[in-house]
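Quick notes on the structure that follows.
Chains as they are written, first to last, in the working numbering: chain A, 1 to 352; chain B, 1001 to 1352.
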């Protein structure tokens, strides 16, 4: 069998370190490099840096071009940022180093929405270097876009789509709680939405654009709303203490319009301890069409695990796909990697 | 814009005529040929042959090579049979005529299970002619395989999979009711299973093989059971009259084993009027893994519509994919075609 597949990870936060841990469990994969932006941690063993009990024998580096040229990864998984403009330099460097790239930056799920110029640059470089670049993650990247798209495949036609993801923010730390506007007054929430400090979900325009592109709909306008979820009860996590009357989270929605009508409606209320007010978490996809399709899961697919899993599980698809900048709708469906990655890659190459 | 995409349909039964009707609704598609095996109907206008109010201007033909060389379809959709050995000659002829092929023959969903030799022949021919061949349909092809595979993509790992499709046979005609063993005594049902006249569902080994291949599981054995659903009440359709004590349908199950343990369990009870005994129809996917995933729809995705829709909706994916014999797990997700097929094909070619 061929040598192990060389994979490098960019980022050592919760997502990056989760990706490293999951890669360690997969057969046929060698973790050949881990990059962190903070130069002061360079040289630290990755095992130590991400809190493992043992050393990994790979030193954290802040020198991306150096790592690429010495470690020669086949695939780079990027978990350093959310926006295309933050992600593009690392992606271009990795592509020029000959690596396929899987990014969990939310905007990379459909990068041409926010950054058409950078997307074109990345695409051109990927074609020149014969590698594939894709953005993925639980959302955007799966629940509110790829899964929706797949389900429309059984329809003669689709009139409109409503998809809801109702989840629990309780496991998250201060930075997520802050961007969701948790534990503040409704007035502070409103001000936060206005000044951009309360963000809500990141990725609605990307999900809407991915669905529309796959179906061939022309979306003329995307409208978003962010409203506070005001708690009627006491809610508390390690990081926040919410008295009744304060915010428990944010209901973020987006509508994509075609011919003046909202044809895609995405709804994503996120709050801590939703069960305290009898809110059931879950993922709900409703397609109005011929026929109507209604699929749901309860509870919701866990976000952090799902994003880490998708980033790793897309490796065979990215390695065997045609080159260029892709979306999840352009590649074969994700699948849990349960065998040797090299064999999965070989079997996917059957058609070449 | 380029000329319309030329599509030909093989088969004029319920599925074939449904595919023709759906193709007529899609922009950018020209139906350039319709083939039926019965020579005595050759020359009849297709509109008349499939019961439309108007003529289509395309004559039904029983001469497949002749139709291929004169009409030069880009895509051929095959709806003539269920088995690879019945499907292979038409597929090979279409491939040699330069056409991509979408087949709804159940065994074509994973043809190498029943017919590895013919599959290799088809694959080699498809490579030589630079076209793509895929089998699809609601099941096998979507609910109990592709959708399951996609959902495993959010898992760190998968221990086992159970998927159920509980549906209603009431809309179906005599031939389906007979192969499902409906309206007979339990003894006759048992005898029918033994002599092969009661078949149950067609496609379990294909679904199990597709899931296993996508995940990298090695399945050593597939076991199937077919048991009568004995009615406790009177049930009646246009085609069958069931007294209590007679069969209302067939519960067909299949288990795929790895290392001595059943890791894939597919369950498909099919009966007429299930609601008369409070049976809820639906599709249910349960993945035991990290994390557990549970997705369901109620009622079930309609089978006939779903198969027709998938056959048509996979056109852009098949036209833009790498050549060879593929499965649904090798191609991008299906998506309802709502725009011009030519534009959908162009946008999918972005990466070339």
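Positions of the beta carbon are idealized from the N, C-alpha and C atoms, including for glycine. These numbers were taken from a predicted model, which means no experiment stands behind them.
query	result
Does the beta carbon of residue 152 of chain A sit closer than 7 Å to a beta carbon anywhere in chain B?	yes
Any idea if residue 1280 of chain B is buried or exposed, counting beta-carbon neighbours within 10 angstroms, 16 or more meaning buried?	exposed
Please decide whether residue 335 of chain A counts as near chain B, where near means a Cβ-Cβ distance under 7 Å.	yes
With a CB to CB cut of under 6 Å and the five nearest residues on each side skipped, what residues in its chain are close to residue 1202 of chain B?	1082, 1106
Measure the CB-CB distance between residue 1103 of chain B and residue 1078 of chain B and report whether it falls below 7 Å.	yes
When the cut-off is 7 Å and only beta carbons count, does residue 1297 of chain B lie next to chain A?	yes
What would DSSP say about residue 1152 of chain B, mapped onto helix, strand or coil?	helix
Go ahead and label residue 233 of chain A buried or exposed: buried means 16 or more other beta carbons lie within 10 angstroms of its beta carbon, across all protein chains shown.	exposed
Any chance you could list the alpha helix (DSSP H) runs of at least 4 consecutive residues sitting entirely within the segment 1149-1191 of chain B, in chain order?	1174-1179
Is the beta carbon of residue 271 of chain A closer than 7 Å to that of residue 248 of chain A?	yes
Using a Cβ-Cβ distance cut-off of 7 Å, determine whether residue 116 of chain A contacts chain B.	no
Hey, would you say residue 1162 of chain B sits closer than 7 Å to residue 1265 of chain B, going by beta carbons?	yes
Are the Cβ atoms of residue 251 of chain A and residue 170 of chain A separated by less than 7 Å?	no
Of all Cβ atoms in chain B, is any one closer than 7 Å to the Cβ of residue 351 of chain A?	Per-residue confidence for residue 351 of chain A stands at a pLDDT of 43, beneath the threshold of 50, marking its modelled position as unreliable; the derived number appears in the next sentence. Interface residue, yes.
Are three or more beta carbon pairs between the segment 340-347 of chain A and the segment 1211-1218 of chain B nearer than 8 Å?	yes
Quick one: which chain A residues come within Cβ less than 9 Å of residue 1101 of chain B?	The premise fails here: residue 1101 of chain B is roughly 14 Å from chain A at the closest Cβ pair, so nothing lies under 9 Å.
So, with DSSP's three-state summary, where would you put residue 34 of chain A?	strand
Is it a yes or a no for the segment 33-40 of chain A touching the segment 4-13 of chain A, going by three-plus beta-carbon pairs under 8 Å?	yes
With a threshold of 16 other CB atoms inside 10 Å of the CB of residue 245 of chain A, please say whether the residue is buried or exposed.	exposed
Of all the alpha helix (DSSP H) runs that stay within the bounds of the segment 294-347 of chain A, which reach a length of 4 or more residues?	303-313, 315-320
Between the segment 1202-1223 of chain B and chain A, which residues of the former have a C-beta closer than 8 Å to a C-beta of the latter?	1213, 1214, 1215, 1216, 1217, 1218
Comparing the C-beta of residue 330 of chain A with each C-beta of chain B, is any distance below 7 Å?	yes
Within its chain, find whatever has a CB closer than 6 Å to the CB of residue 332 of chain A; leave out the 5 residues flanking it on each side and keep chain order.	317
Taking the continuous beta strand (DSSP E) assigned at residue 1263 of chain B, which residues delimit it?	1261-1271
Given a limit of 9 Å on CB to CB distance, which residues of the segment 298-315 of chain A reach chain B?	298, 299, 301, 302, 305, 306, 307, 308, 309, 310, 312, 313, 314
What separation, rounded to the nearest whole angstrom, lies between the Cα atoms of residue 96 of chain A and residue 186 of chain A?	48 Å
Of all the CB atoms in chain B, is at least one closer than 7 Å to the CB of residue 135 of chain A?	no
I need the straight-line Cα distance from residue 1175 of chain B to residue 146 of chain A, nearest angstrom please.	37 Å
DSSP on residue 1105 of chain B, reduced to helix/strand/coil?	coil
Could you have a look at residue 93 of chain A and say whether DSSP puts it in helix, strand or coil?	helix
Using a Cβ cut-off of 7 Å, which residues of the segment 1272-1285 of chain B contact any Cβ in chain A, in chain order?	none
Straight-line CA distance for residue 1282 of chain B to residue 1298 of chain B?	4 Å
If I follow the unbroken beta strand (DSSP E) through residue 1014 of chain B, where does it start and stop?	Note, residue 1014 of chain B: premise wrong, no beta strand (DSSP E); alpha helix (DSSP H) at 1014-1025.
I need the DSSP call for residue 1003 of chain B, collapsed to helix, strand or coil.	coil
Please name the residue or residues paired with residue 1236 of chain B in a DSSP beta bridge.	B:1241
Quick one: is residue 89 of chain A buried, meaning 16 or more other Cβ sit within 10 Å of its Cβ, or exposed?	exposed
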